[in-house]
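> My structure is below; once you've seen it, I'll send some questions.
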Amino acid sequence: MKPLFLSTTTTTRPFSSSSLTVPFSRVVDTSSASSWSSAIADLSRSGHHSEALLAFLSLRRLSSQPSPTPSSLLPALSSAASLPSLPFGRQLHLLSLRLGYSPADPFISSSLINLYSKTQHPADAHAAFLESPVRNAVLYTALVSGLVRNANPLKALAVFKQLISNLGTSEIDPAAIVSAISACARVSGANVVGGVHGLLVKLGMEAETVVGNTLVDAYAKSGEVGNGRKVFDEMPERDEVSWNSMVAVYAQGGKPVEAVEVYMEMVGRESRRSTAVALSAVMHACAKGGAVQVGRCVHNQVIRMALEDNVYVGTSVVDMYCKCGRVDAAWKAFGRMKERNIKTWSAMVAGYGMHGRGREALDVFKQMIEAGVRPNYITFISVLDACSHSGLLEDGRRWFKAMKQDYDIDPGVEHYGCMVDLLGRAGCLDESYGLIKEMRLEPDSMIWGSLLAACRVHKNIELGEISARQALKLDPKNCGFYVSLSNIYADFGRWKDVERMRVLIKTRGIMKPPGYSLVELKGKSHMFMVGDRRHPQHEEIYGYLDKLRVRMQELGYVPDTGSVLHDVEQEEKETILRVHSEKLAVAFAIMSTVPGSPILVIKNLRVCGDCHTAIKMIAKLEGREIVVRDSHRFHHFKDGVCSCGDYW
DNA sequence: GTAGGGTTAG
1 MKPLFLSTTT
11 TTRPFSSSSL
21 TVPFSRVVDT
31 SSASSWSSAI
41 ADLSRSGHHS
51 EALLAFLSLR
61 RLSSQPSPTP
71 SSLLPALSSA
81 ASLPSLPFGR
91 QLHLLSLRLG
101 YSPADPFISS
111 SLINLYSKTQ
121 HPADAHAAFL
131 ESPVRNAVLY
141 TALVSGLVRN
151 ANPLKALAVF
161 KQLISNLGTS
171 EIDPAAIVSA
181 ISACARVSGA
191 NVVGGVHGLL
201 VKLGMEAETV
211 VGNTLVDAYA
221 KSGEVGNGRK
231 VFDEMPERDE
241 VSWNSMVAVY
251 AQGGKPVEAV
261 EVYMEMVGRE
271 SRRSTAVALS
281 AVMHACAKGG
291 AVQVGRCVHN
301 QVIRMALEDN
311 VYVGTSVVDM
321 YCKCGRVDAA
331 WKAFGRMKER
341 NIKTWSAMVA
351 GYGMHGRGRE
361 ALDVFKQMIE
371 AGVRPNYITF
381 ISVLDACSHS
391 GLLEDGRRWF
401 KAMKQDYDID
411 PGVEHYGCMV
421 DLLGRAGCLD
431 ESYGLIKEMR
441 LEPDSMIWGS
451 LLAACRVHKN
461 IELGEISARQ
471 ALKLDPKNCG
481 FYVSLSNIYA
491 DFGRWKDVER
501 MRVLIKTRGI
511 MKPPGYSLVE
521 LKGKSHMFMV
531 GDRRHPQHEE
541 IYGYLDKLRV
551 RMQELGYVPD
561 TGSVLHDVEQ
571 EEKETILRVH
581 SEKLAVAFAI
591 MSTVPGSPIL
601 VIKNLRVCGD
611 CHTAIKMIAK
621 LEGREIVVRD
631 SHRFHHFKDG
641 VCSCGDYW
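Quick note on full-length UniProt numbering: the first sequence kicks off at 1 and runs consecutively.
In structure tokens:
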């Protein structure tokens, strides 16, 4: 009966970036079952899941104990679920079946539901639920959250309703309500979150911090940021997660100013600790809103707190600079990082890619492979996207083939989308069409849209009609498809068809989502919509644009009214073009900054053809580098040309 | 057996 000294020193946890010292060492009496199981439970509870599993295995091997009991099996199973590790979990499942603990023991059953949900085996999770002779609230809750995790929120809500009808509302506790709220957050429809909110108020759970946290996120996910903020403001107590969620909500909504405000309130008035999570979230907000000045301040804070080496924070810094048009600053930050994971590398590849610097993107990608990091599904999207933005036809073909052959990754719609775009751009329309036809997956509307756009550039009316028909079948409300087809007809002088498209757009009530452009000035974001006159300096902006237009016309500028949808006269179309949001933003930025300094404009939609031509000229006339981020990529306008090579 | 199920971020 030799006691075993079980000590775990420095070890690296799988799926975690930092190596850490496990604060665990104790004497385990291997002859005592309770000492054995409490050691495993301690490890599992403190989050040292691989160590818990190792302890379970090694102690089983060393021990004279006949067979494990639920008190050691259970924490091991819960660690297997947390990692998550399907092989370990299955082994433990089989063991508990053999020993008769499963399916009889509801504690084991709930852990099994959790395990199979986390390893994306929802059918097995459901089976574990059905096999259990006991159906208590914990089992229901495990199933509800598991279904949410596996992208089935509707079924999750149905299971939650079963809970209520079978067990009554008295069985509902905060954990149950939290999983129900997170299901609601992912179901579209009016007031879904509000329904469960009402229920939990009736049950007197609104003061629970976790419940409030989940509600904040749920309202935000359903587009009701205001309601989320209200819940946040009324919470009696807020923890770290509450604050981080509120920052994240604004980040996801692309509101860097509000995100920073909440962050400042957290570290200022509330004098809470700033954390890596909070800083990544704020950085994410800056990336989304193109707020490079604020982003730089946040970056300074990251440096001050010595958090640059944190791989998550470092990656969000890289991503922020890329998305704010400063890909060289991103590269510098990338170079300083001591540790890089797959997301870090992919962010850098994507960063170069969206700036049209495909060669550099591929170089980084090759360095990544040399560094021994295995590319995944996402990485290949970045790689192929980079090829398509730079027209690297041969590289694109090569890596598209290699992803399946060398890395055994089946191409998804995103990869096909990049290839269709790349081939189409290069004028290989038949090959592009052929690729769509040989896809095993259902092509989405974006893929057909890419081919449609290529058909316009390379003037192929037959294939254009085919593509448009398919695209519109999948997404009949997307006005871009109507416009592209109409443009093709216009290029061929088929004015009757152009008119037919115009009528179609009108009768089907197709609306273009409102376009807006953002410019950051002294840390403040200025937003412009088409024909916006809300800006205090709008008189000056319009006056300046008028003067610019005269100079542009001297250079041969002719308005391209093709992308104006409205049912109006030619003259009026030109007026609309004149006040497109990106033109207003560019004019405002030039007026407000020192001559010669670069300009960044963030646009929510794709930049229109006329604006693209106009901004090229403005860049030349004003001797400025104008960088525009549209919904698709970056455009660097300089000396009258654009980095996209006029294909976007 | 404070045994199992619950929220945020990258």
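Just so you know, even glycine gets a beta-carbon here, dropped at the ideal spot from N, CA and C.
A quick note: this is a predicted structure, and the numbers were derived from the prediction, not measured.
Under 7 Å between the Cβ atoms of A333 and V318?
Reading the first sequence from its first residue, position 333 is the one you call residue 333. Reading the first sequence from its first residue, position 318 is the one you call residue 318. Yes, the Cβ-Cβ distance between A333 and V318 is below 7 Å.
> So the beta strand (DSSP E) H526 belongs to, where does it begin and stop?
Taking the first sequence and counting its residues from 1, one reaches residue 526 at position 526. Counting along the chain, the beta strand (DSSP E) containing H526 begins and ends at K524 to M529.
> Here's the rule I'm using: 16 or more other beta-carbon atoms within 10 Å means buried, otherwise exposed. How should A77 be labelled?
Within the first sequence, the letter at position 77 stands for residue 77. Ala is not the amino acid found at residue 77; the sequence shown has Leu there. Classification for L77: buried.
> Where does the unbroken beta strand (DSSP E) through S517 begin, and where does it stop?
Working through the first sequence from its first residue, we reach residue 517 at position 517. Segment Y516 to L521, the beta strand (DSSP E) holding S517.
> Kindly indicate the opening and closing residues of the alpha helix (DSSP H) around I378.
For this step, residue 378 is matched to residue 378 along the first sequence. Here the alpha helix (DSSP H) through I378 covers Y377 to S390.
> So what does DSSP say about V196, is it helix, strand or coil?
Numbered from 1 along the first sequence, position 196 holds the residue referred to as residue 196. Correct three-state label for V196: helix.
> Give the single residue among L555, I599, S597 and F588 whose Cα lies nearest to the Cα of T613.
Position 613 of the first sequence, counted from the start, is the residue given in the question as residue 613. The residue with the shortest Cα to Cα distance from T613 is L555.
> With DSSP as the reference, label F365 as helix, strand or coil.
Indexing the first sequence from 1 puts residue 365 at position 365. Correct three-state label for F365: helix.
> Where does the unbroken alpha helix (DSSP H) through H93 begin, and where does it stop?
Position 93 of the first sequence, counting from 1, holds the residue named residue 93. Taken as a continuous stretch (DSSP letters only), the alpha helix (DSSP H) holding H93 covers L86 to R98.
> Does the distance from the C-beta atom of G358 to that of S390 stay below 7 Å?
For the purposes of this step, residue 358 is identified with residue 358 of the first sequence, where counting begins at 1. For the purposes of this step, residue 390 is identified with residue 390 of the first sequence, where counting begins at 1. Contact flag set, yes.
> Which residue from Q301, G640 and I602 puts its Cα closest to that of K255?
Position 255 of the first sequence, counted from the start, is the residue given in the question as residue 255. The candidate whose alpha carbon is nearest that of K255 is I602.
> Just how far apart, CA to CA, sit V498 and E462?
Along the first sequence, one-based indexing puts residue 498 at 498. Along the first sequence, one-based indexing puts residue 462 at 462. Approximately 15 Å, taken between the alpha carbons.
> Among the residues of its own chain, which have a CB less than 8 Å from the CB of M591, if the five just before and after it don't count?
Numbered from its first residue, the first sequence carries residue 591 at position 591. Within the same chain, M591 has close Cβ partners Q537, E540, I541 and Y544.
> Going by DSSP in three states, K638 sits in which element: helix, strand or coil?
Taking the first residue of the first sequence as 1, we reach residue 638 at position 638. Note: K638 maps to strand in three-state DSSP.
> For the segment 125 to 134 against the segment 162 to 172, are there 3 or more C-beta pairs whose distance is under 8 Å?
Too few Cβ pairs lie closer than 8 Å, so no.
> Evaluate the contact criterion for the segment 479 to 487 versus the segment 255 to 265: three or more CB pairs, one atom per stretch, below 8 Å.
With the cut-off at 8 Å, the segment 479 to 487 and the segment 255 to 265 do not touch.
> How many whole angstroms separate the CB atoms of C324 and G295, which I take to be in contact at a CB cut-off of 8 Å?
Residue 324 sits at position 324 when you count from the first residue of the first sequence. Residue 295 sits at position 295 when you count from the first residue of the first sequence. C324 to G295, Cβ: 6 Å. Contact.
> How many Å lie between R551 and G609 at the Cα?
Taking the first residue of the first sequence as position 1, residue 551 is located at position 551. Taking the first residue of the first sequence as position 1, residue 609 is located at position 609. Rounded to whole angstroms, R551 to G609 spans 19 Å at the Cα level.
> Excluding five sequence neighbours on each side, which residues of the same chain lie with their C-beta closer than 7 Å to the C-beta of R326?
In the first sequence, residue 326 corresponds to position 326, counting from 1. Counting only Cβ-Cβ distances below 7 Å, and skipping sequence neighbours, we find V292.
> By the DSSP assignment, the alpha helix (DSSP H) with E60 in it spans what residues?
For this step, residue 60 is matched to residue 60 along the first sequence. It is worth fixing the name first, because residue 60 is Arg in this sequence and not Glu. Start and end: H49 to L62.
> Buried or exposed: which applies to P375, given that a residue is buried once 16 or more other Cβ atoms fall within 10 Å of its Cβ?
Position 375 of the first sequence, counted from the first residue, corresponds to residue 375. It counts as buried.
> Would DSSP call residue 650 helix, strand or coil?
For the chain, the structure presents residues 1 to 648; residue 650 sits outside this window and is missing.
> What distance in whole Å lies between the Cβ atoms of D421 and S467, which are believed to be in contact at a cut-off of 8 Å?
Working through the first sequence from its first residue, we reach residue 467 at position 467. Working through the first sequence from its first residue, we reach residue 421 at position 421. Contact doesn't hold; Cβ gap of about 12 Å is too wide.
> Mark G290 as exposed unless 16 or more other C-beta atoms lie within 10 angstroms of its C-beta, in which case mark it buried.
Residue 290 sits at position 290 when you count from the first residue of the first sequence. It counts as buried.
> In whole angstroms, what is the alpha-carbon distance linking I303 and F588?
By 1-based counting over the first sequence, the position of residue 303 is 303. By 1-based counting over the first sequence, the position of residue 588 is 588. Their backbone Cα atoms lie some 33 Å apart in a straight line.
> List the endpoints of the continuous beta strand (DSSP E) containing V267.
For the purposes of this step, residue 267 is taken as the residue at position 267 of the first sequence. Segment P256 to V267 is the alpha helix (DSSP H) holding V267; no beta strand (DSSP E) there.
> For S37, is the classification buried or exposed, using 16 other Cβ atoms within 10 angstroms of its Cβ as the cut-off for buried?
Here residue 37 refers to the residue found at position 37 when the first sequence is read from its first residue. Answer is buried; the Cβ neighbour count reaches 16.
> Could you have a look at residue 656 and say whether DSSP puts it in helix, strand or coil?
Because the chain in this structure spans residues 1 to 648, residue 656 falls outside the shown range and cannot be described.
> In whole angstroms, what separates the C-alpha of P23 from that of L43?
Numbered from 1 along the first sequence, position 23 holds the residue referred to as residue 23. Numbered from 1 along the first sequence, position 43 holds the residue referred to as residue 43. Confidence is the limiting factor: at P23 the pLDDT is only 41, short of 50, which leaves the residue's position unreliable and the question unanswerable from this model.
> Which term fits T119, buried or exposed, when burial requires 16 or more other beta carbons within 10 angstroms of its beta carbon?
In the first sequence, the residue the question calls residue 119 occupies position 119. Buried.
> Which value, in whole angstroms, describes the spacing of the CA atoms of G335 and D328?
Taking the first sequence and counting its residues from 1, the one referred to as residue 335 is at position 335. Taking the first sequence and counting its residues from 1, the one referred to as residue 328 is at position 328. Answer to the nearest angstrom: the Cα atoms are 11 Å apart.
> How many Å lie between P122 and H93 at the Cα?
In the first sequence, residue 122 corresponds to position 122, counting from 1. In the first sequence, residue 93 corresponds to position 93, counting from 1. Distance between the alpha carbons of P122 and H93: 15 Å.
> By how many angstroms is the C-alpha of D124 removed from the C-alpha of I108?
As a working note, residue 108 is residue 108 in the first sequence. As a working note, residue 124 is residue 124 in the first sequence. If I take the Cα positions, the gap works out to 14 Å.
> Contact check, A281 vs A251 under 8 Å by CB: the rounded distance?
What you label residue 281 is simply residue 281 of the first sequence in a count that begins at 1. What you label residue 251 is simply residue 251 of the first sequence in a count that begins at 1. About 5 Å separates the two Cβ atoms, so the contact holds.
> With a 10 Å radius around its C-beta and 16 neighbouring C-beta atoms as the bar for buried, classify A158 as buried or exposed.
Here residue 158 refers to the residue found at position 158 when the first sequence is read from its first residue. Exposed.
> Give me the residue from M264, G253, G223 and V201 with the minimum Cα distance to M235.
On the first sequence, residue 235 is found 235 positions in, with the first residue counted as 1. That would be V201, whose Cα lies nearest to the Cα of M235.
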